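Asks:
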Amino acid sequence: MVPKDLRYTKDHEWARLEDGKARVGITDHAQKSLGDIVYVELPTVGKTVKKG
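Going by the numbering used here, 35 is the number at position 24 of the sequence shown; the sequence numbering is gapless.
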């Protein structure tokens, strides 16, 4: 089942808007393919980001 409230990238990442904030993650496929996550690079808290 694919949640309808998620937005996906071609790289198996997803984002969900919750109260004006975005929660991000990766798909089950990405988790199985990548194994352990050892590094994540995110923008500074409070920074506005643009699509694209």
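Cβ coordinates follow ideal geometry from the N, Cα and C atoms, glycine included. All figures in this text were calculated on a predicted structure; none of them were measured in a lab.
Taking a contact to mean a Cβ-Cβ separation below 8 Å, would you say Gly41 touches Val35 in this structure?
Replies: Looking at the sequence shown, residue 41 is not Gly but Ala. Contact: no.
Asks: Given a cut-off of 8 Å on the beta-carbon distance, is the pair Ile37 and Glu29 in contact?
Replies: Going by C-beta atoms, Ile37 is not nearer than 8 Å to Glu29.
Asks: Helix or strand or just coil, what does DSSP make of Leu45?
Replies: The answer is helix: DSSP assigns Leu45 an H, G or I state.
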